[in-house]
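Chemist: Below is the structure I would like to discuss, written out as structure tokens.
Protein chains: 2
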Amino acid sequence: MSTVRPEARLPRGFRDAFAADFLARRKAIDTICKVYAVFGFEPLETSSIEYLDALGKYLPDTDAPGGGVFALRDDDGEWIALRYDLTAPLARVVAAHPDLPSPFRRYQFGSVFRREKKPGPGRFREFYQCDFDTVGTASPAADAEVCAVLCRALRELGIPASDFIVRVNNRKLLNGVLDAARIDEPSRRLLVLRSIDKLDKFGIEGVVQLLGAGRTDPSGERTDGAKLEPAQIDLILGLLQCSQPDRAGTCDAAERLVRDSESGREGVAELREIHALLDAMDLPSSLVTFDTNVVRGLEYYTGPVFEAELTFLVEEEGEKRKFGSVAGGGRYDYLVERFTGNKVPATGASIGVDRLLAALAKQRGERAESLPGPVIVTAMDRERLADYQRMTNELREAGIPAELYLGGGGFRQQLKYADRRLAPVVVIAGSNEFERGEVTLKDMLAGKQLSEQITDKLVWRKEQPAQRVVPRSRLVAEVQEIVQRATRGSS
Amino acid sequence: MSTVRPEARLPRGFRDAFAADFLARRKAIDTICKVYAVFGFEPLETSSIEYLDALGKYLPDTDAPGGGVFALRDDDGEWIALRYDLTAPLARVVAAHPDLPSPFRRYQFGSVFRREKKPGPGRFREFYQCDFDTVGTASPAADAEVCAVLCRALRELGIPASDFIVRVNNRKLLNGVLDAARIDEPSRRLLVLRSIDKLDKFGIEGVVQLLGAGRTDPSGERTDGAKLEPAQIDLILGLLQCSQPDRAGTCDAAERLVRDSESGREGVAELREIHALLDAMDLPSSLVTFDTNVVRGLEYYTGPVFEAELTFLVEEEGEKRKFGSVAGGGRYDYLVERFTGNKVPATGASIGVDRLLAALAKQRGERAESLPGPVIVTAMDRERLADYQRMTNELREAGIPAELYLGGGGFRQQLKYADRRLAPVVVIAGSNEFERGEVTLKDMLAGKQLSEQITDKLVWRKEQPAQRVVPRSRLVAEVQEIVQRATRGSS
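Structure below.
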């Protein structure tokens, strides 16, 4: 054993999930995956580690290959890395298995890892994603379904339709405007995309500066601009500002701006088809809207892009504001091609489960709800351990979570422990009870409620209103009854 | 986009789980965790990454710190690594959170990562563990519960009592024999432990050689021995061979060997207490046996050790043999002390889910069973996409997994896809059906069965015995009926 003691701490940006948070996340993931399955997606679980070159350099905000990921050299010298999303591994799977059904519709949930330079609250280096994708079809019906899945998942999570909106855009519209503005160089087109992506952060004024001469932060930090002509900037602004409350209206407005570009016309046609299919699924514009402001940072999107936003206000950093995006995705037609050379069109989205749960907790003004814990069988008399174990065992055989107290200390400490574990019932048996063939059951929930009503300590001690003595043979039945009441009360 | 194409492959020792395997694992994990919860364990999910020094150097078969793990330097220069088990992270959590309930009973499942030099079939570099531990009690009742949890979990997984056994030993017995044999040096004691650990591999003869002069492999490879005296070896062999069919008998036999050693007497007393508690839980010697051969490789065990073994024979490498251990654990009283300096006794075990599933699949002679896939709504007429989408949507709203075919190709290809996806029903609607307000349903399961009976192709084509035409308004009800039949059939 080493003489220097290691510190009990986690590297920054990593965290543990304790019972209540874990169970809340598990429940949300189960709900979401059930929706994915109802839409015909099947599960896939890829390896956590991939070859670095298979992950590509699509990580947002990093230009260096391997930047932003946790990478190391394998024994044979090759670079391997923890996955940073679930899309790159999917592309690798599809490329490696030409025998998969086509279209291939899969869902996957799991941890992804990002080597954030500045992790902080809400910005972790390991977090959950919950993805679904359709690979192998260019049909806008697949894109319409992405919206439908997002709506259904949020609905099943208990979020009312008035509290969220799915925004849809099409990268081809922007390409159409860039064509119209005669901005042809790929690097400049990318610069425009990135400038627009800053809309939420800097507002329309900031984007105009980024598209033009450049922008200076209040802190004095300078960002170079894309140096576009005012007429070019106007065309782009025209697109950003053409969204209408109804989807058909947005299609009409966008069409006027891009009709001279093939890509633009294609984009509008796709949106019109998506619109018709959304109508067929009874998803109105109030729920799934077309919004020409939506960019989604990732370079790899080639067509429709999606974003699901929670619209209720939450308190953040002392201000009431919209919580913002909790899911996003889009069409990416080149990810599989990277491997095989064959174009394999694909579309999908990812629900940020952790972010979503944080939003719901903020709205409800509470932490994840706690379920009742196990029944605690106290160990009053150490000589009777086998008897206590037998009682505990009977409860467990009946499917009731139960635990024999195994720690030290007297009765008070055992009760304290039971309280801490949120035990619905405490089972007590001392020599009196054993002699009479009885057990005492303490109803912890009733006890808590009564202790708020009854302030007279004498009455409390004498009458023990939340306790009952029952025959030993009735142990399971009586505990069952109290537990069921407690479970109903908490749900 | 890079001009050099990456290969679509995984680093060796890593793998993907497709739908059937994923669902089988998920189901097993759910079953196991439900048992853990019934025993009063609560879930915890720790970070995948830890500081290397927090993981310690407890990895089996590696002496170098950091050997056998995937480690890299964080941006601040500190070494971080992927967890190689779930026990070291638990110790870190307990040390970091003195406010946790005590005893702290938690379960955790998840991937662990080992940098195997020679990964191969059944030996992966990322695999699942499913752990439960009680931290903060020295009571043998906690050890008895470990056995009870393992029995219950295997039972709930559908393994009959005749097909498994839990073996229990106590490290203190061996310590007692080492005391009696006057082998005091820690490094020599460890060497003896490691020699005994090879019993399964080399047999009793091999162990005798390892304890004595040394052993030469059939391949010529030489292993140095512990160089014990014959009398010392005899004492150790005495312990290895003293197990009896009944637990009390083994305690008596072991006691005769170790009664002069304090550690040995403690070990026997603990086993006797565990025996009494197992009796109280109706777990006979045929299910939980005391076996003085069980070592469990890990150095950190300090008291009782456990191993669950499947006893049915499976075909492996052309031979019928016992599949062997699928779960193991033990008492480890120093893991938390590493961090805090305070002794915190703990005990628990880990179920190797992947190994267990492999064993069950081998026994049942089959791969993971496939569930029915989604209902496939064929797209006969591309102009009617919105109508097909509406049908699909109705099925989904009723909770029936359903999918609109989004790929290319004609009707044959769509049927082939449906077959591939294990669709229970295919929905067909062409212009005839639309005119009459009807849809055609193809019962895929009945179709398969009938096609085995009816060999006359003409009859088959004319009568289409597995198809039925139903009113459009009855779509959901009729599909529901067929799906329910298919689901019953497969379960």
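Here the protein sequences come in this chain order: L and B. Using the working numbering, you'd call the opening residue of the first sequence number 9 and step up by one each time. Using the working numbering, you'd call the opening residue of the second sequence number 9 and step up by one each time. Even for Gly, the Cβ is constructed at its ideal location relative to N, Cα and C. Here the structure is a predicted model, which is why all the values come from computation and not from measurement.
If we cut at 8 Å on Cβ distances, does Asn401 of chain L have a partner in chain B?
Modeler: Yes, Asn401 of chain L counts as interfacial toward chain B.
Chemist: So which residues of chain B does Ser119 of chain L contact, with C-beta pairs closer than 8 Å?
Modeler: Within chain B, the residues near Ser119 of chain L are Ser56.
Chemist: Near Tyr92 of chain L, what residues of its chain come up, given a Cβ to Cβ distance below 7 Å and the 5 sequence neighbours on each side ignored?
Modeler: Taken in chain order, the residues that qualify are Leu63, Leu67, Gly76, Val77, Val120, Phe121, Arg122.
Chemist: Examine the Cβ distances between the region 313-325 of chain L and the region 172-180 of chain L and report whether three or more of them are shorter than 8 Å.
Modeler: Touching, yes, given that three or more Cβ pairs across the two stretches are closer than 8 Å.
Chemist: Among L:Val157, L:Ala32, L:Ala27, whose alpha-carbon lies nearest the alpha-carbon of Leu286 of chain L?
Modeler: For Leu286 of chain L, the nearest C-alpha among the options comes from L:Val157.
Chemist: Any chance the region 242-252 of chain L sits against the region 179-191 of chain L, with 3 or more Cβ pairs inside 8 Å?
Modeler: Yes: at least three Cβ pairs fall under 8 Å.
Chemist: Tell me which residues of the region 447-462 of chain B have at least one Cβ-Cβ distance to chain L shorter than 7 Å, keeping chain order.
Modeler: Under the 7 Å Cβ criterion, the region 447-462 of chain B contributes no residue.
Chemist: Check the Cβ-Cβ distances between Ser481 of chain L and every residue of chain B, and say whether any is below 8 Å.
Modeler: Ser481 of chain L does not count as touching chain B.
Chemist: Measure the CB-CB distance between Asp299 of chain L and Ser251 of chain L and report whether it falls below 8 Å.
Modeler: Going by C-beta atoms, Asp299 of chain L is nearer than 8 Å to Ser251 of chain L.
Chemist: Got a sec: which bits of the region 95-110 of chain B sit with their beta carbon under 7 Å from any beta carbon on chain L, in order along the chain?
Modeler: Residues Arg100, Val101, Ala103, Ala104, Pro109, Ser110.
Chemist: Give the secondary structure of Glu486 of chain B by DSSP, where H, G and I count as helix, E and B as strand, and everything else as coil.
Modeler: Looking at Glu486 of chain B - three-state DSSP - the assignment turns out to be helix.
Chemist: Could you say if the region 46-65 of chain B and the region 97-115 of chain B meet the contact criterion of at least three C-beta pairs nearer than 8 Å?
Modeler: Touching, per the Cβ criterion.
Chemist: In whole angstroms, give me the CA-to-CA distance for Ala16 of chain B and Ala104 of chain L.
Modeler: Approximately 5 Å, taken between the alpha carbons.
Chemist: Which residue from L:Val361, L:Gly220, L:Glu446 puts its Cα closest to that of Asp38 of chain L?
Modeler: Nearest of L:Val361, L:Gly220, L:Glu446 to Asp38 of chain L, Cα basis: L:Val361.
Chemist: Could you check what DSSP says for Val352 of chain L in three-state terms: helix, strand or coil?
Modeler: Note: Val352 of chain L maps to coil in three-state DSSP.
Chemist: Can you check whether the C-beta of Ser294 of chain B is within less than 8 Å of a C-beta belonging to chain D?
Modeler: Of the chains in the structure shown, none is chain D; the protein chains are L and B.
Chemist: Taking all protein chains shown into account, do 16 or more other C-beta atoms lie within 10 angstroms of the C-beta of Ala189 of chain L, making it buried, or fewer, making it exposed?
Modeler: Buried, because 16 or more other Cβ atoms sit within 10 Å of the Cβ of Ala189 of chain L.
Chemist: Along the alpha helix (DSSP H) that carries Cys250 of chain B, what are the first and last residues, could you check?
Modeler: Neither: Cys250 of chain B is in no alpha helix (DSSP H) and is coded neither H nor E.
Chemist: Arg429 of chain B and Gly381 of chain B: beta carbons closer than 8 Å?
Modeler: Yes, the Cβ-Cβ distance between Arg429 of chain B and Gly381 of chain B is below 8 Å.
Chemist: Taking 8 Å as the cut-off, decide whether the C-beta atoms of Ala474 of chain B and Gly455 of chain B are in contact.
Modeler: The answer is yes: Cβ separation under 8 Å.
Chemist: Using DSSP with H/G/I as helix, E/B as strand and the rest coil, what is Lys209 of chain B?
Modeler: In the structure shown, Lys209 of chain B sits in a helix (DSSP, three-state: H, G or I).
Chemist: Please classify Gln492 of chain B: does DSSP put it in a helix, a strand, or coil?
Modeler: In the structure shown, Gln492 of chain B sits in a helix (DSSP, three-state: H, G or I).
Chemist: Which runs of the beta strand (DSSP E), 3 residues or longer, sit entirely within the region 309-346 of chain B?
Modeler: Whole beta strand (DSSP E) segments, 3+ residues: 312-324, 327-339.
Chemist: Along the chain, where does the alpha helix (DSSP H) containing Ala79 of chain B start, and where does it finish?
Modeler: Ala79 of chain B -> not in any alpha helix (DSSP H); beta strand (DSSP E) instead, spanning 79-81.
Chemist: For a contact meaning CB atoms closer than 9 Å, what does Lys35 of chain B contact in chain L?
Modeler: Going along chain L, no residue has its Cβ under 9 Å from Lys35 of chain B, so there is no contact; the nearest lies around 12 Å.
Chemist: If we count Cβ pairs, one from each stretch, closer than 8 Å, do we get three or more for the region 395-407 of chain L versus the region 288-298 of chain B?
Modeler: Because the criterion of three Cβ pairs below 8 Å is met, the region 395-407 of chain L and the region 288-298 of chain B touch.
Chemist: Would you list the residues sitting across from Gly113 of chain L in a DSSP beta bridge?
Modeler: Note on residue identity: the sequence assigns Arg, not Gly, to residue 113 of chain L. According to DSSP, Arg113 of chain L bridges with L:Thr142.
Chemist: For the candidate residues L:Pro111, L:Asp107, L:Pro238, L:Leu449, whose alpha-carbon lies nearest to that of Thr386 of chain L?
Modeler: For the residues L:Pro111, L:Asp107, L:Pro238, L:Leu449, the minimum Cα distance to Thr386 of chain L belongs to L:Leu449.
Chemist: Tell me which residue opens and which closes the beta strand (DSSP E) that Val101 of chain L is part of.
Modeler: Note, Val101 of chain L: premise wrong, no beta strand (DSSP E); alpha helix (DSSP H) at 95-104.
Chemist: Which residues does DSSP list as the beta-bridge partners of Gln137 of chain L?
Modeler: Gln137 of chain L pairs with L:Gly118.
Chemist: Exposed or buried, what is Ser227 of chain B when buried is set at 16 or more other beta-carbons lying within 10 Å of its beta-carbon?
Modeler: Exposed, by the Cβ-count rule.
Chemist: Could you tell me whether any Cβ in chain B is nearer than 8 Å to the Cβ of Val176 of chain L?
Modeler: It does not; no Cβ of chain B falls within 8 Å.
Chemist: Excluding sequence positions up to five away, which residues of its chain have a Cβ less than 7 Å from the Cβ of Arg197 of chain L?
Modeler: These residues qualify, in order along the chain: Leu186, Ile191.
Chemist: Can you tell me where the alpha helix (DSSP H) holding Ile204 of chain B begins and where it ends?
Modeler: Ile204 of chain B -> alpha helix (DSSP H) spans 194-204.
Chemist: Any contact between the region 257-267 of chain B and the region 210-220 of chain B? By contact I mean 3 or more CB pairs, one from each, below 8 Å.
Modeler: No: the two stretches stay apart, fewer than three of their Cβ pairs being nearer than 8 Å.
Chemist: Which of the residues in the region 342-354 of chain L, read from start to end, lie with their CB under 9 Å from any CB of chain B?
Modeler: Residues Tyr342, Val344, Glu345, Arg346, Phe347, Thr348, Gly349.
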